[in-house]
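*Asks:* I'd like to ask some things about the structure below.
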């Protein structure tokens, strides 16, 4: 609590701008519509509802995506490393961006989503399928886009206090403060979170009841944002995100001795953005990103490791809206990366430069056509050219038909190239290259009191030169020795109904059928499914609002997962269905003061399940949320 007190003292020096839809925005300097909406009109995109995000602002992005997104989260237990997998690919093939800056580690190729609190972001969008033409290396299975609100001006003082308490010692404290004038918007948000995670579970390996030990976590962080509106056509933003995470790592259920391991992650993420519009036709966007991440691991016995990664990202984009039917975007990106680690013989560096072009044409007021291309140069060597073709045909006012073909790639990580010790990196690795195809349709019906949107997509991915670590004797080393095939279908359903001014019902559902294999399939259903890739997966959330009260139910289904490459049945994880419920009430104290309370009951049927072999998860547990807002 001492750290939180210091945090609160620091927060009193700044303010957080809480933008609402009716805020006074710098409209003339905003991109008329997002890059995805214009240049990826054929892509399947999913945006997490603001109510779902608000309800889960005391949880991690990993937990949020598990409940509401069309993807698979691979986690090492509660509080452990959690990464995303999309369309049968791995975490290294799923890009994660914050404000357009790629957060994937150049050292291991992924991002731990358990270290990203939902409280620290305001927008979460998932783009499914190959997106390397737009987002670069690593965007092969899909991309997760995280963002903060557009700055608002002339709103004065805003404040919100967020408190959560729950089972297994959970405490979460958050504060947002903001102040904005005609030209300046200054804001800050901070949080402190801790949990013991000392839940009980039945250990099938020891045939006994046990309590999870050495699984506690402690996190605190601060995000500061400053925006300056120089005039009606220019906006400058500066952001800084600092966070410290202490994660204690429990032993696996199959291990004998207790664990004392702890991992500390500390990072700084800095961003400068400049937007300038010209004649309502041209817009120039420039961003400078600075990333610094230190990771230390100590098992208290014989292993202590120190890893340090830094990146500098420069990116400029020039967009030209020639007519209402034609839009062009030309961009250039330069990324410098360096890393040091106890298992590297020396400091390693890399320079990446890319030029990219995105186009959008609306033909006959019926067909959206997207053509994209990206060419990168890595340390002086040309990477594969990445083209994308997307089509979205508006057949009727209720039917859209989509199709897309894209090429993607992923460069090897520093660990793949330079690791030394009991395992050895391979400096001769080449980038993975992939091709993705997809086709689908969107059905929409919009009536007076309700709206339904249904989307279905069939997809196919083929990735060559798949990097895989394999043993040679007792030494593990990576090779470009495998090829991945993944294919399947995705479906989503959204329904909203407004019966009157006091009653509102919403439904969101996702389902994925994914077949993924490293052996060329001779039949539609492959003999071997890649590890921790469920064939069937889905989630469903239904909510009902009446006046100031609300209630919701969430179901998450994860099918059988194989834990080894041979698909041994006895080692497979059983499928499970989790059910969470929530209820809440909003008190409007007066025009400026509001108080919202909610209760969540997670895993209400007390299901025993594992997210990874020998990593058990908690049974029924509770969380109480309290949010106070001042405007």
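In UniProt numbering, the protein residues as written are 1 to 631.
Just so it is clear, CB atoms sit at the ideal spot from N, CA and C, and this is done for glycine as well.
Determine the contact status of residue 189 and residue 223, defining contact as a CB-CB distance below 9 Å.
*Replies:* The sequence position of residue 189 within the chain shown is 189, counting from 1. The sequence position of residue 223 within the chain shown is 223, counting from 1. Yes.
*Asks:* What residues match up with residue 522 in a beta bridge as DSSP calls it?
*Replies:* In the chain shown, residue 522 corresponds to position 522, counting from 1. DSSP output for residue 522 lists no bridge partner at all.
*Asks:* Nearest to residue 63 by alpha carbon, out of 602, 608, 616, 630?
*Replies:* In the chain shown, counting from the first residue as 1, residue 63 sits at position 63. The shortest C-alpha separation from residue 63 is found at 602.
*Asks:* Taking buried to mean at least 16 other C-beta atoms within 10 Å of its own C-beta, is residue 408 buried or exposed?
*Replies:* If you number the chain shown from 1, residue 408 lands on position 408. So residue 408 ends up on the buried side.
*Asks:* Do you know how far the Cα of residue 215 is from the Cα of residue 198?
*Replies:* Translated into positions along the chain shown, residue 198 becomes position 198. Translated into positions along the chain shown, residue 215 becomes position 215. The alpha-carbon atoms of residue 198 and residue 215 are separated by roughly 7 Å.
*Asks:* In whole angstroms, give me the CA-to-CA distance for residue 305 and residue 213.
*Replies:* Taking the chain shown and counting its residues from 1, one reaches residue 305 at position 305. Taking the chain shown and counting its residues from 1, one reaches residue 213 at position 213. Using only the alpha carbons, I get a separation of about 22 Å.
*Asks:* If we ignore side chains and look at the alpha-carbon of each, how far apart do residue 202 and residue 208 end up?
*Replies:* Along the chain shown, read from residue 1 onward, the residue named residue 202 stands at position 202. Along the chain shown, read from residue 1 onward, the residue named residue 208 stands at position 208. Going from the Cα of residue 202 to the Cα of residue 208 covers about 6 Å.
*Asks:* Do you know offhand how far residue 332's Cα is from residue 249's?
*Replies:* The residue given as residue 332 occupies position 332 in the chain shown. The residue given as residue 249 occupies position 249 in the chain shown. Computed Cα separation, rounded: 41 Å.
*Asks:* Tell me, please, which residues DSSP counts as bridged to residue 466.
*Replies:* Here residue 466 is taken as the residue at index 466 of the chain shown, counted from 1. Note: residue 466 sits in a beta bridge opposite 482.
*Asks:* Using the Cβ count rule (16 or more neighbours within 10 Å means buried), how would you classify residue 492?
*Replies:* What you label residue 492 is simply residue 492 of the chain shown in a count that begins at 1. Looking at its Cβ environment, which holds 16 or more other Cβ atoms inside 10 Å, residue 492 is buried.
*Asks:* Rounded to a whole number of angstroms, what is the C-alpha to C-alpha distance between residue 415 and residue 334?
*Replies:* Position 415 of the chain shown, counting from 1, holds the residue named residue 415. Position 334 of the chain shown, counting from 1, holds the residue named residue 334. Residue 415 and residue 334: Cα-Cα distance of roughly 21 Å.
*Asks:* Using only the alpha-carbon positions, how far apart do residue 265 and residue 295 sit?
*Replies:* Taking the chain shown and counting its residues from 1, the one referred to as residue 265 is at position 265. Taking the chain shown and counting its residues from 1, the one referred to as residue 295 is at position 295. So the alpha carbons of these two residues sit roughly 5 Å apart.
*Asks:* Unbroken beta strand (DSSP E) runs of length 3 or more, entirely within the stretch 549-628: which are they?
*Replies:* Qualifying beta strand (DSSP E) stretches, in chain order: 549-558, 576-588, 593-602, 610-612.
*Asks:* Using only alpha-carbon positions, find the residue among 180, 169, 345 that is nearest to residue 421.
*Replies:* Along the chain shown, one-based indexing puts residue 421 at 421. For residue 421, the nearest C-alpha among the options comes from 345.
*Asks:* With a cut-off of 8 Å, do at least 3 Cβ pairs link the stretch 514-522 to the stretch 81-98?
*Replies:* At 8 Å Cβ cutoff, the stretches touch.
*Asks:* Where residue 503 and residue 412 are concerned, what is the direct C-alpha to C-alpha distance, given to the nearest angstrom?
*Replies:* The residue you call residue 503 lines up with position 503 of the chain shown. The residue you call residue 412 lines up with position 412 of the chain shown. Their Cα atoms are separated by approximately 52 Å.
*Asks:* Would you give the residue range spanned by the alpha helix (DSSP H) that residue 51 belongs to?
*Replies:* Numbered from its first residue, the chain shown carries residue 51 at position 51. 50-55 is the extent of the alpha helix (DSSP H) around residue 51.
*Asks:* Restricting to runs no shorter than 3 residues, where is the beta strand (DSSP E) found entirely within the stretch 184-212?
*Replies:* Listed in chain order, they are 184-195, 200-203, 208-211.
*Asks:* What first and last residue would you give for the beta strand (DSSP E) that runs through residue 287?
*Replies:* Position 287 of the chain shown holds residue 287. That run of the beta strand (DSSP E) goes 282-298.
*Asks:* Taking only the alpha-carbon atoms, compute the straight-line gap between residue 633 and residue 76 and give it to the nearest angstrom.
*Replies:* What the structure shows of the chain is the stretch from 1 to 631, and residue 633 is not part of that stretch, so it cannot be assessed.
*Asks:* For the candidate residues 372, 338, 254, 206, whose alpha-carbon lies nearest to that of residue 311?
*Replies:* Residue 311 sits at position 311 when you count from the first residue of the chain shown. Of the listed residues, the one whose Cα sits closest to residue 311 is 338.
*Asks:* Would you mind listing the alpha helix (DSSP H) stretches within the stretch 132-183 that are 4+ residues and don't spill past its ends, in chain order?
*Replies:* For the stretch 132-183, whole alpha helix (DSSP H) runs of length 4 or above, ordered along the chain, are 132-135.
*Asks:* Can you look up residue 351 in the DSSP assignment and give me helix, strand or coil?
*Replies:* Mapped onto the chain shown, residue 351 falls at position 351. In this structure, residue 351 counts as strand in the three-state DSSP scheme.
*Asks:* Take residue 193 as the anchor and find which of 405, 122, 244, 365 has the nearest alpha-carbon.
*Replies:* Residue 193 sits at position 193 when you count from the first residue of the chain shown. Ranking 405, 122, 244, 365 by Cα distance to residue 193 puts 244 first.
*Asks:* Under 6 Å Cβ to Cβ from residue 641, same chain only, skipping five residues before and after it: list those, please.
*Replies:* Examination of residue 641 is not possible in this model, given that the chain is present from 1 through 631 alone.
*Asks:* Determine the closest residue to residue 102 out of 143, 625, 82, with distance taken between C-alpha atoms.
*Replies:* Residue 102 sits at position 102 when you count from the first residue of the chain shown. Of 143, 625, 82, the residue nearest in Cα terms is 143.
*Asks:* Can you tell me which residues form a DSSP beta bridge with residue 364?
*Replies:* Looking up residue 364 in the chain shown gives position 364. Partner(s): none; residue 364 has no beta bridge.
*Asks:* State the Cα-Cα distance for the pair residue 161 and residue 471, rounded to the nearest angstrom.
*Replies:* In the chain shown, counting from the first residue as 1, residue 161 sits at position 161. In the chain shown, counting from the first residue as 1, residue 471 sits at position 471. Each residue's Cα considered, the two are about 52 Å apart.
*Asks:* Does the separation of the CB atoms of residue 284 and residue 229 fall below 9 Å?
*Replies:* Reading the chain shown from its first residue, position 284 is the one you call residue 284. Reading the chain shown from its first residue, position 229 is the one you call residue 229. It is not a contact, given that the beta carbons lie outside the stated cut-off.
*Asks:* Which of helix, strand or coil does DSSP assign to residue 35?
*Replies:* Taking the first residue of the chain shown as 1, we reach residue 35 at position 35. Residue state, collapsed to three classes: helix.
*Asks:* With a 10 Å radius around its C-beta and 16 neighbouring C-beta atoms as the bar for buried, classify residue 106 as buried or exposed.
*Replies:* In the chain shown, the residue the question calls residue 106 occupies position 106. Counting Cβ neighbours within 10 Å, residue 106 comes out buried, since at least 16 surround it.
*Asks:* As a quick exercise: from 231, 200, 565, 474, pick the residue whose alpha carbon is nearest that of residue 182.
*Replies:* One-based indexing of the chain shown puts residue 182 at position 182. Per the Cα distances, 231.
*Asks:* Buried or exposed: where does residue 33 fall if 16 or more other Cβ atoms within 10 Å of its Cβ makes it buried?
*Replies:* Stepping through the chain shown from its first residue, residue 33 is reached at position 33. Confidence in residue 33 is poor, its pLDDT being 49 and thus under 50, which makes the residue's placement too unreliable to answer from.
*Asks:* Taking 8 Å as the threshold, find out whether the stretch 542-550 comes into contact with the stretch 574-585 through three or more Cβ pairs.
*Replies:* Yes, the stretch 542-550 is in contact with the stretch 574-585.
*Asks:* Drop a sphere of 10 angstroms on the beta-carbon of residue 302, count the other beta-carbons inside from all chains shown, and report buried for 16 or more, exposed for fewer.
*Replies:* Taking the chain shown and counting its residues from 1, one reaches residue 302 at position 302. Answer is exposed; the Cβ neighbour count stays below 16.
*Asks:* Leaving out five residues on either side along the sequence, give the residues of the same chain with a beta carbon under 6 Å from the beta carbon of residue 300.
*Replies:* For this step, residue 300 is matched to residue 300 along the chain shown. Excluding sequence neighbours, residue 300 sits near 260.
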